[in-house]
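Colleague: One structure coming up, written as structure tokens, with questions to follow.
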Amino acid sequence: MEAILNGHRCHYTERGSGNGLPVVFIHGFPFSRATWEAQLEALPENIRAIAYDVRGHGKSAVGDGHYTIELFVDDLLALLDHLKIDAAVLCGLSMGGYIALRATEREPGRVRALVLCDTQSAADSDAAKLGRAGAIRQIQTSGTAAFVDGLLPKLFTAESIRSETGAVELIRRMMRATDALAITGTLLALACRIDTTAALADMHQPALLMFGEEDPITPPDAGRQMLAALPHATLELIPRAAHVSNLENPADFNRHLLSFLAQTA
Ligand code: MLT
Numbered sequence: 000m001e002a003i004l005n006g007h008r009c010h011y012t013e014r015g016s017g018n019g020l021p022v023v024f025i026h027g028f029p030f031s032r033a034t035w036e037a038q039l040e041a042l043p044e045n046i047r048a049i050a051y052d053v054r055g056h057g058k059s060a061v062g063d064g065h066y067t068i069e070l071f072v073d074d075l076l077a078l079l080d081h082l083k084i085d086a087a088v089l090c091g092l093s094m095g096g097y098i099a100l101r102a103t104e105r106e107p108g109r110v111r112a113l114v115l116c117d118t119q120s121a122a123d124s125d126a127a128k129l130g131r132a133g134a135i136r137q138i139q140t141s142g143t144a145a146f147v148d149g150l151l152p153k154l155f156t157a158e159s160i161r162s163e164t165g166a167v168e169l170i171r172r173m174m175r176a177t178d179a180l181a182i183t184g185t186l187l188a189l190a191c192r193i194d195t196t197a198a199l200a201d202m203h204q205p206a207l208l209m210f211g212e213e214d215p216i217t218p219p220d221a222g223r224q225m226l227a228a229l230p231h232a233t234l235e236l237i238p239r240a241a242h243v244s245n246l247e248n249p250a251d252f253n254r255h256l257l258s259f260l261a262q263t264a
């Protein structure tokens with residue numbers, strides 16, 4: 000399905016009952032809504048599940064590549080308006096978590112509960128910003144292939160990479176299909192995002208934090224820090240998983256997700 004949000008074409012998938020608990024899935028960078036397939040399939044009919052492609056990703060339009068996390072939040076809120084959803088459960092992985100956290104800070108009334116996966120409230124350090132600047136330079140001079148290939152070993156455990164699971168291939172194809180302008184634009188948006196740590200104490204929604212035990216990008220300690228600051232949060236570590244824990248170990252991930260949503264509905 001598609002919608003024009005803030006003048007921009009956005010593609011999304013919707014499953015389940017229109018009257019059910021609305022849950023919006025927000026993918027990481029540079030992926031697409033296809034990363035949530037194993038979750039959408041596992042959800043009961045009484046959940047209204049929506050997974051969308053963030054601007055520049057998947058089938059959503061790339062536009063001018065001038066992105067900010069604020070703009071991604073504007074798009075998310077416009078999607079809720081388009082779907083006539085007053086308040087949704089937001090489930091975001093990594094960049095999706097940054098978007099969910101900032102949306103909660105900006106519009107707490109639109110967020111019923113939070114599922115934050117392999118993400119963090121902290122902004123980029125100077126070293127991380129320099130890393131993003133280097134990646135932009137590399138992509139502008141030699142394309143996205145080296146960037147994508149360099150990212151893959153940080154997303155999955157060594158064991159998953161060795162056994163080349165379907166999930167590894169899915170993510171590789173997805174990243175390679177992402178437009179260079181969208182990748183560089185999103186790198187800038189990530190580097191410029193604000194720190195939402197100070198706002199955590201005011202996020203009174205129930206929150207489930209899930210982190211791959213072996214995540215090198217947003218390690219479980221990032222989850223422990225948010226756990227200490229959020230008023231109503233629980234933390235689950237996902238075994239045999241690195242950064243894309245929902246893809247690497249969907250069985251454990253879905254068990255925690257379903258139990259959390261059953262308590263929230
Ligand atoms: C992601 O998976 O969305 C990225 O790792 C986020 C980031 O680079 O900060």
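One point on numbering: in numbering that gives the first Met the number 0, the residue at position 230 of the sequence shown is 229, and numbering is uninterrupted.
All C-beta atoms in this analysis are idealised placements derived from N, C-alpha and C, irrespective of residue type, glycine included.
Here the structure is a predicted model, which means the values were calculated and not measured.
1. Take the Cβ of residue 270 as the centre, count every other Cβ of all protein chains shown within 10 Å, and call the residue buried at 16 or more, exposed below.
2. Between 21, 50 and 42, which has its C-alpha nearest residue 34's C-alpha?
3. Check residue 328 in the structure and name its three-state DSSP category.
4. Taking Cβ positions, are residue 73 and residue 5 nearer each other than 7 Å?
5. Measuring CA to CA, which of 227, 45, 98 and 169 is closest to residue 194?
6. Can you check which of these residues, 28, 62, 82 and 234, is closest to residue 48 by C-alpha distance?
7. Which residues bound the alpha helix (DSSP H) around residue 260?
8. How many whole angstroms separate the CB atoms of residue 87 and residue 111, which I take to be in contact at a CB cut-off of 8 Å?
9. What are the start and end residues of each continuous beta strand (DSSP E) run of 3 or more residues lying completely inside the stretch 15-91, in chain order?
10. State buried or exposed for residue 261, treating a residue as buried only when at least 16 other CB atoms are found within 10 Å of its CB.
11. Measuring straight from C-alpha to C-alpha, what distance separates residue 103 and residue 66?
12. Kindly provide the ranges of any alpha helix (DSSP H) runs that are 4 or more residues long and lie completely inside the stretch 121-151, ordered along the chain.
13. Is the stretch 222-229 in contact with the stretch 135-151, if contact means three or more CB pairs nearer than 8 Å?
14. Tell me residue 114's beta-bridge partners as DSSP assigns them.
15. Quick check: what's the CA-CA separation for residue 257 versus residue 44?
Modeller: By the coordinates alone:
1. The shown model of the chain, from 0 to 264, leaves out residue 270, and the question about it has no answer.
2. Ranked by Cα distance from residue 34, the first of 21, 50 and 42 is 50.
3. Outside the displayed span of the chain (0 to 264) sits residue 328, for which this structure offers no information.
4. yes
5. Ranking the options by Cα distance to residue 194, first place goes to 98.
6. If we check each option's Cα against that of residue 48, 82 comes out closest.
7. 249-263
8. Right, the Cβ-Cβ distance comes to about 6 Å (below 8 Å), so this counts as a contact.
9. 20-25 and 46-51
10. exposed
11. In this structure, the CA atom of residue 103 is about 19 Å from the CA atom of residue 66.
12. Considered as a whole, the stretch 121-151 harbours 125-141 as its complete alpha helix (DSSP H) runs of no fewer than 4 residues, in chain order.
13. no
14. Residue pairing by DSSP places residue 114 opposite 90 and 207 in a beta bridge.
15. So the two alpha carbons sit approximately 12 Å from each other.
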